Amino acid sequence: MRHLVTLHDLDSSEILEIFALVQELKDKRARGERPQLLQGRTMTQVFEKPSLRTRLSFESAMWELGGGASFFSCKEAGLDGRESVEDVARVIGRYSDVITLRTFSHELIELFAANSQASVINALSDLSHPCQALTDLFTIQEIAGDLSQQKLVYVGDGNNVAYSLANCCAKLNVPFVISSPPGFELCSKLVNTLKKNFPQVQLELEADPHKAVADATVIYTDVWASMGQEAETEKRKQIFADYQINDSLLSAAAKNCRFMHCLPAKRGLEVTDGVLDSSHSIVFEQAENRKHLAKGLLVWLMQQS
Ligand code: CP
Ligand code: NVA
673 MRHLVTLHDL DSSEILEIFA LVQELKDKRA RGERPQLLQG RTMTQVFEKP
723 SLRTRLSFES AMWELGGGAS FFSCKEAGLD GRESVEDVAR VIGRYSDVIT
773 LRTFSHELIE LFAANSQASV INALSDLSHP CQALTDLFTI QEIAGDLSQQ
823 KLVYVGDGNN VAYSLANCCA KLNVPFVISS PPGFELCSKL VNTLKKNFPQ
873 VQLELEADPH KAVADATVIY TDVWASMGQE AETEKRKQIF ADYQINDSLL
923 SAAAKNCRFM HCLPAKRGLE VTDGVLDSSH SIVFEQAENR KHLAKGLLVW
973 LMQQS
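So the sequence shown is numbered by the numbering used here: it starts at 673 and just counts up by one.
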């Protein structure tokens with residue numbers, strides 16, 4: 673039985689196995705085939721934060737594969753102090769084959785994984801968003817082609833999405849550059865661990881966004897204020913103003929550069945309408961792939977149990 677708490681739980685060859693499964697299931701779906709690979713399996717989702725893509729991708733994935741899904745807020749599940757986290761994890765683990773969790777605290781997901789007999793998937797924590805990064809690298813491979821020819825440049829906050837992207841790029845040997853305002857960089861401890869574990873991979877921090885995007889084949893951004901940081905929105909608008917993805921920044925990148933965003937986007941802040949709606953943008957293909965990735969990941973995880 674395997675968990676996906678962070679991308680450290682998967683090695684490079686396992687990520688590629690999952691991508692192959694995702695592609696196979698996506699191709700089959702396009703031909704009208706929905707193999708019932710998870711018939712009789714159950715998934716329980718417990719979310720502390722809002723979600724459109726993640727919740728729906730997992731729920732619809734499970735139904736299409738012949739399984740079933742239930743959804744709880746953390747409060748409804750009793751994680752507001754009604755009972756201990758360990759007891760909730762033990763109980764849900766006995767009712768389910770897989771549990772997806774979206775939380776503020778990353779430690780809560782670790783605690784669940786340590787106490788659950790069902791596979792636990794991190795559906796976003798303040799630290800990481802592994803399912804998003806897996807989807808993103810799958811999407812780049814599918815649309816832009818050979819991963820070894822890509823350079824992913826992330827411009828914006830050194831947040832959960834940025835960390836998982838850096839981790840996934842390191843595992844798949846994709847050069848990754850991140851450009852953030854001073855004080856909002858990716859945590860140096862996490863960067864150093866990645867550099868130590870993957871010394872051959874390019875992982876760079878470049879504060880100047882125009883310099884950072886030179887030769888980018890993919891430019892990626894995310895919101896400036898993540899869920900839980902809403903009170904900092906106004907302050908961050910000032911600090912991140914030079915990090916907006918607009919036509920000027922896009923023109924400093926490779927000619928056919930793609931634009932990606934995990935969504936939801938704050939149009940007019942981290943990205944202009946012009947870029948988000950341009951022919952460079954692959955954000956809705958990326959969003960769609962969350963569902964295909966969820967199918968492949970669920971099937972792969974259940975094959976390990
Ligand atoms: N990208 C993403 O995780 O979207 P949701 O917050 O809507 O799930
Ligand atoms: N960094 C964002 C990602 C949302 C999918 C957040 O945590 O709110």
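A virtual CB, placed ideally from N, CA and C, is assigned to each residue, including glycine. Everything numeric in this text was worked out from a predicted model, so none of it was measured.
Please list the terminal residues of the continuous beta strand (DSSP E) segment that includes residue i.
{"i": "residue 876", "result": "875 to 877"}
{"i": "residue 697", "result": "Element bounds for residue 697: not the beta strand (DSSP E) but the alpha helix (DSSP H), 684 to 702."}
{"i": "residue 954", "result": "Element bounds for residue 954: n/a, residue is neither H nor E."}
{"i": "residue 932", "result": "930 to 933"}
{"i": "residue 891", "result": "890 to 893"}
{"i": "residue 793", "result": "791 to 794"}
To which residues does DSSP link residue i through a beta bridge?
{"i": "residue 774", "result": "719"}
{"i": "residue 742", "result": "716"}
{"i": "residue 812", "result": "Residue 812 is not bridged to any residue."}
{"i": "residue 850", "result": "826, 877"}
{"i": "residue 676", "result": "793"}
{"i": "residue 943", "result": "917, 939"}
My understanding is that residue i touches residue j, with C-beta atoms under 8 Å, so please give their C-beta distance in whole angstroms.
{"i": "residue 943", "j": "residue 917", "result": "4 Å"}
{"i": "residue 713", "j": "residue 974", "result": "6 Å"}
{"i": "residue 733", "j": "residue 967", "result": "4 Å"}
{"i": "residue 957", "j": "residue 815", "result": "6 Å"}
{"i": "residue 784", "j": "residue 749", "result": "About 10 Å; that fails the 8 Å criterion."}
{"i": "residue 828", "j": "residue 915", "result": "6 Å"}
{"i": "residue 850", "j": "residue 858", "result": "6 Å"}
{"i": "residue 831", "j": "residue 894", "result": "6 Å"}
{"i": "residue 792", "j": "residue 842", "result": "Going by Cβ atoms, the distance from residue 792 to residue 842 rounds to 23 Å, so no, they are not a contact pair."}
{"i": "residue 965", "j": "residue 694", "result": "5 Å"}
{"i": "residue 781", "j": "residue 677", "result": "6 Å"}
{"i": "residue 727", "j": "residue 743", "result": "7 Å"}
Between residue i and ligand 1, is there a pair consisting of the residue's CB and a ligand heavy atom that are separated by less than 8 Å?
{"i": "residue 964", "result": "no"}
{"i": "residue 725", "result": "yes"}
{"i": "residue 959", "result": "yes"}
{"i": "residue 722", "result": "yes"}
{"i": "residue 936", "result": "yes"}
{"i": "residue 668", "result": "One cannot answer for residue 668 here, as it falls past the ends of the chain, which runs 673 to 977."}
Would you say residue i touches ligand 2, meaning its beta carbon is less than 8 Å from a heavy atom?
{"i": "residue 798", "result": "yes"}
{"i": "residue 932", "result": "no"}
{"i": "residue 804", "result": "yes"}
{"i": "residue 839", "result": "no"}
{"i": "residue 852", "result": "no"}
{"i": "residue 900", "result": "yes"}
{"i": "residue 829", "result": "yes"}
{"i": "residue 794", "result": "no"}
{"i": "residue 808", "result": "no"}
{"i": "residue 833", "result": "yes"}
{"i": "residue 759", "result": "no"}
{"i": "residue 699", "result": "no"}
{"i": "residue 681", "result": "no"}
Starting from residue i, trace the alpha helix (DSSP H) in both directions and tell me its first and last residue.
{"i": "residue 765", "result": "757 to 767"}
{"i": "residue 922", "result": "919 to 923"}
{"i": "residue 832", "result": "832 to 843"}
{"i": "residue 734", "result": "725 to 736"}
{"i": "residue 866", "result": "860 to 869"}
{"i": "residue 908", "result": "905 to 911"}
| task | Report yes or no: do three or more beta-carbon pairs, one from the stretch 831 to 849 and one from the stretch 802 to 812, lie closer than 8 Å? | result | Short answer: they touch.
| Pairing CB atoms from the stretch 707 to 722 with CB atoms from the stretch 773 to 783, are three or more of them under 8 Å? | In this structure the stretch 707 to 722 lies against the stretch 773 to 783, because at least three pairs of beta carbons, one per stretch, are closer than 8 Å.
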